[in-house]
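What follows is one structure encoded as structure tokens, with my remarks underneath.
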Amino acid sequence: MSADSNSLILAMNSGKPMAPKLMHEFPRAVMNQELKRGRNFLTQFLNKVYAETEWTRTALHDWLTEWKPNYIIDINHDTQLQDSYADEEHTFICGVARITASEFRYKIIHYDGKG
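For what it's worth, my numbering labels the leading residue of the sequence shown as 879, then goes sequentially.
Okay, here's the thing in structure tokens:
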């Protein structure tokens, strides 16, 4: 999924910009909305964006598929990138939210091409 912070913030806020300090980055805006509207609002929004929206591939996805680096660092739950490696052995690095109360901020998963 190729989306910048501004696009995600505007989508989360019904097309309306937020205060400039919140428009700086998506995580900051999300924390603000979590405090105002609650976690259920965020869960519904993120499910709509990441699970219910059908994203198209970009030239970057195709280039990475051809290049086939040995690992993927997922910074935005990019399912198109993950699909590119569905049948390939690879290492997947996924960021973890700070709310987990763990000292670890990522998970490292090795996929052997089958499971």
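Even glycine gets a Cβ: it sits at the ideal position worked out from N, Cα and C.
Quantities reported herein were computed from a predicted structural model and do not represent experimental measurements.
Where DSSP assigns a beta bridge to residue i, which residues make up the other side?
i	result
His-968	Tyr-989
Gly-973	Tyr-984
Tyr-949	Thr-969
Could you have a look at residue i and say whether DSSP puts it in helix, strand or coil?
i	result
Tyr-963	coil
Rounding to the nearest angstrom, what Cα-Cα distance links residue i and residue j in this structure?
i	j	result
Lys-992	Asp-965	7 Å
Gly-973	Trp-941	23 Å
His-902	Thr-943	31 Å
Ile-987	Ile-951	11 Å
Asn-884	Tyr-989	33 Å
Phe-982	Leu-920	23 Å
If you compare alpha carbons, which of the options is closest to residue i?
i	options	result
Lys-946	Ala-881, His-968, Ile-986, Leu-888	His-968
Asp-956	His-902, Asp-990, Tyr-928	Tyr-928
Asn-948	Phe-970, His-939, Thr-931	Phe-970
Asn-925	Phe-982, Lys-985, Leu-886	Leu-886
Ala-881	Thr-931, Ser-980, Tyr-984, Lys-985	Thr-931
At least three beta-carbon pairs within less than 8 Å, the segment 929-939 to the segment 958-970:
Enough Cβ pairs lie closer than 8 Å, so yes.
Closer than 8 Å is the cut-off here; do at least three beta carbon pairs connect the segment 889-896 with the segment 907-926?
Taking a contact to require three or more Cβ pairs closer than 8 Å, the segment 889-896 and the segment 907-926 qualify as touching.
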